[in-house]
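Going by the working numbering, the sequence shown opens with residue 23, and the numbers climb by one from there. To start, the structure itself, in structure tokens.
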Amino acid sequence: MVPIIQRNVGWIEVICGCMFSGKTEELIRRLRRAAIARQKVSIFKPRIDTRYSEDHIVSHSDLKIPSSVVEHPREILEASLESQVVGIDEGQFFDEELVAVCIKLANMGKRVIVAGLDMDYRGVPFGPMPNLLCVAEYITKTHAICVRCGNPATFTQRTIKDPSRVIVGAANIYEARCRNCFEPPEFTEEASSENHQKKTQATPKSK
Ligand SMILES: [Zn+2]
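Right, dumping it as structure tokens:
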């Protein structure tokens, strides 16, 4: 998928999709392959994602790989000067600065791979992911399987009513749904919640 590129040319890859679509597994697969080729790999995740492990990135299927926890995207820049390949998991939890950092890393000749949720539980683009998709050379959208009907799923359904944008470490309150089965939340008080960066709300289905 990613063609062979001459040395010293960097680029950005984004792996995005809903929960349970295998984003982290795909990120780990790419990073492992690079490590096997003896490329210098560094891996980062945001502090907010403390599920399972503080110093590893872990997929739902229990694949894991050592990673550094960072607060701000600029820390990634400082910590990966020596790396050829930079992996970033849970990209949606970083602020917009992540986009500038990824561009800088790619311009320095590094391969940058970011995995993250493209939409939140309302179906609204999540954090820096939409802008990252614009500047990426390669984009992979991963699909889960809708738990209701078995079709390919691209939405993350929250199964409890809670207006916070992020409920970390509670994977059991989410499930993957297709467009037909996805039910956007109906409550509107979330627009005033400090947890929401955007006031746009997914349009509820008319049916
Ligand atoms: Zn469905």
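Think of the CB as a built atom: it goes at the ideal place given N, C-alpha and C, for glycine as much as any other residue. Just so we're clear, the structure is a prediction, and the values are computed from it rather than from any experiment.
Q. Can we count cysteine 40 as close to ligand 1, meaning its CB is less than 6 Å from some heavy atom?
A. Numbered from 1 along the sequence shown, position 18 holds the residue referred to as residue 40. Relative to ligand 1, the beta carbon of cysteine 40 is positioned no closer than 6 Å to any heavy atom.
Q | Backbone CA spacing between cysteine 171 and valine 188 [nearest angstrom] | A | Looking up residue 171 in the sequence shown gives position 149. Looking up residue 188 in the sequence shown gives position 166. The straight-line gap from Cα to Cα measures roughly 26 Å.
Q | arginine 69 versus asparagine 202 - alpha carbon distance | A | Residue 69 sits at position 47 when you count from the first residue of the sequence shown. Residue 202 sits at position 180 when you count from the first residue of the sequence shown. Their Cα atoms are separated by approximately 34 Å.
Q: Please classify phenylalanine 42: does DSSP put it in a helix, a strand, or coil?
A: Here residue 42 refers to the residue found at position 20 when the sequence shown is read from its first residue. Coil, per DSSP.
Q | Candidates His94, Glu112, Leu103, of which the one nearest threonine 46 by Cα | A | Residue numbering aside, residue 46 sits at position 24 when the sequence shown is read from its first letter. The residue from His94, Glu112, Leu103 with its alpha-carbon nearest to that of threonine 46 is Glu112.
Q) From isoleucine 37 to glutamate 208, what distance separates their C-alpha atoms? A) Sequence index remark: in the sequence shown, residue 37 carries index 15 (1-based). Sequence index remark: in the sequence shown, residue 208 carries index 186 (1-based). One C-alpha to the other measures close to 29 Å.
(Q) In whole angstroms, give me the CA-to-CA distance for threonine 162 and phenylalanine 66. (A) Within the sequence shown, the letter at position 140 stands for residue 162. Within the sequence shown, the letter at position 44 stands for residue 66. Taking the straight line from one Cα to the other gives about 19 Å.
Q: Put alanine 101 into one of helix, strand or coil per three-state DSSP.
A: Working through the sequence shown from its first residue, we reach residue 101 at position 79. The answer is helix: DSSP assigns alanine 101 an H, G or I state.
Q) Less than 6 Å between the CB of arginine 170 and some heavy atom of ligand 1, yes or no? A) Residue numbering aside, residue 170 sits at position 148 when the sequence shown is read from its first letter. Yes - ligand 1 has a heavy atom lying nearer than 6 Å to the Cβ of arginine 170.
Q: Starting from the C-beta of threonine 178, find all residues in its chain whose C-beta is less than 6 Å away, skip the five residues before and the five after it, and write them out in chain order.
A: Indexing the sequence shown from 1 puts residue 178 at position 156. Same-chain partners within the cutoff: Cys40, Met41, Tyr143, Tyr196.
Q | Own chain residues within Cβ distance below 7 Å of glutamate 104, not counting five before or after | A | Locating residue 104 in the sequence shown gives position 82, counting from the first residue. Around glutamate 104: Lys62.
Q: Counting only runs of 4+ residues fully inside the region 119-143, write out the alpha helix (DSSP H) ranges in chain order.
A: Contiguous alpha helix (DSSP H) elements confined to the region 119-143 occur at 119-129, taking only those with 4 or more residues.
Q) Are proline 95 and phenylalanine 116 touching if we call contact CB-CB under 7 Å? A) Within the sequence shown, numbered from 1, the residue matching residue 95 stands at position 73. Within the sequence shown, numbered from 1, the residue matching residue 116 stands at position 94. Their beta carbons are under 7 Å apart, which means proline 95 touches phenylalanine 116 by this criterion.
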